[in-house]
DNA sequence: GTCTATATTAGGATAGAC
DNA sequence: GTCTATCCTAATATAGAC
């Protein structure tokens, strides 16, 4: 059978995330989301009766992607640390977009988004700590990942950042 | 003479920052800022004829504080690295608040805020690099600071994070 | 399931009194 | 320099046709 087309529902969630990431929460209005997804506002509100339910659905999708990511990280060929750092710099994946979108919502003091992010981070930390057997190192690497991620999503990213991090982690015999 | 009272203008900027930090940019409306500062909306608009000018003034104040901070960092008793890490975790200072407020604005894709943040970071990096004489290490430490900062401002902060970072940096003979 | 039309409230900004 | 009253547009949401 042919590749399944992205459903209207998914396109709406994609559009919401895209707007949150590229223009921030003030710009992610229902009008803008509908326009971005090429759907009428009424169409949007059929799938998500309120903006709150749009957020809920987005976070639900993020949690699913997050669980899959933690598994890939634990099983990564070059090890969890390399995987974690590589995926901390934005690579344009759906997961990245969903994650950044959730962070935007979390900064509006939304407890649902905050909880989703905290759970994701707990999952990554568990893998890092298990692999490294060293809490201080695991936390420090997680902070470096957070820094890479923050810089990316705030337009402050340095091209050479990942290279420099790798060099330092080699000195610590981690990579 | 008696301690100078905070001017209405400054109280309005304080209120704007507070709302941005605690509730996000969607909540930082002119109405809310005026109420937080206990001033009427008309009063606010006398000092800042538009929201754009409110942002400009906030960034201007941030830049002044930032220049002073870089000087303190360069001259810090325990060295720039310790100073930088300590001030990367939120300590409730006016400077912290202004910085986080600017980051909120930057995420709405505002180039002025982005430029202000980038300039601040360049200043810190220059001090770190000069002190350490090692670009990779300086970048890595800056990323750790960004991670500490991001976690703080997203409600993800771990109490023990700074302690763990110090332990790892000792292994690298930095602290 | 998707659309148009419309109601309702919130946000940004102006005018003018004090 | 600060206030109240008001205007205009944008944002969320509802109703009902197709």
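Chains as they are written, first to last, in my numbering: chain L, 1 to 175; chain F, 176 to 350.
All residues carry an ideal CB built from backbone N, CA and C; glycine is no exception.
Check	Outcome
Counting contacts by CB-CB distance shorter than 8 Å, is residue 87/L in contact with chain F?	no
In whole angstroms, what separates the C-alpha of residue 153/L from that of residue 18/L?	12 Å
Comparing the C-beta of residue 150/L with each C-beta of chain F, is any distance below 8 Å?	yes
With distances taken Cα to Cα, identify the nearest neighbour of residue 349/F among 319/F, 312/F, 270/F, 201/F.	312/F
Check residue 31/L in the structure and name its three-state DSSP category.	helix
Output, in chain order, the set of chain F residues within a Cβ distance shorter than 7 Å of residue 167/L.	311
Helix, strand or coil for residue 249/F, going by three-state DSSP, please let me know.	helix
For residue 83/L, which option in 142/L, 44/L, 6/L, 107/L has the closest C-alpha, if you only look at C-alpha atoms?	142/L
Using a beta-carbon distance below 8 Å, is residue 192/F in contact with chain L?	no
Give a yes or no on whether the minimum CB-CB distance between residue 25/L and chain F is below 8 Å.	yes
Let's see if you can read the secondary structure: which residues bound the alpha helix (DSSP H) around residue 196/F?	183-198
Start and end of the alpha helix (DSSP H) containing residue 146/L?	135-153
Looking at residue 24/L: is its Cβ nearer than 8 Å to the Cβ of residue 200/F?	yes
Run down chain L in chain order and give the residues with a C-beta less than 7 Å from the C-beta of residue 279/F.	107
Measuring only the C-alpha atoms, how far is residue 269/F from residue 262/F?	12 Å
Give me the chain L residues within the contact set of residue 346/F, using Cβ-Cβ distance strictly less than 7 Å, ordered along the chain.	172
Between the Cα of residue 115/L and the Cα atoms of 76/L, 55/L, 131/L, which residue gives the shortest distance?	55/L
Measure from the alpha carbon of residue 302/F to the alpha carbon of each residue in 245/F, 211/F, 204/F, then state which is nearest.	245/F
Residue 177/L by DSSP, collapsed to three states: which one?	In the structure displayed, chain L extends from 1 to 175; residue 177/L sits before or after that span and is not available.
Throw me the rounded Cβ distance for the residue 186/F and residue 212/F pair, which I believe falls under 8 Å.	5 Å
Output, in chain order, the set of chain F residues within a Cβ distance shorter than 8 Å of residue 35/L.	Here the premise fails: no neighbours, minimum Cβ distance about 17 Å.
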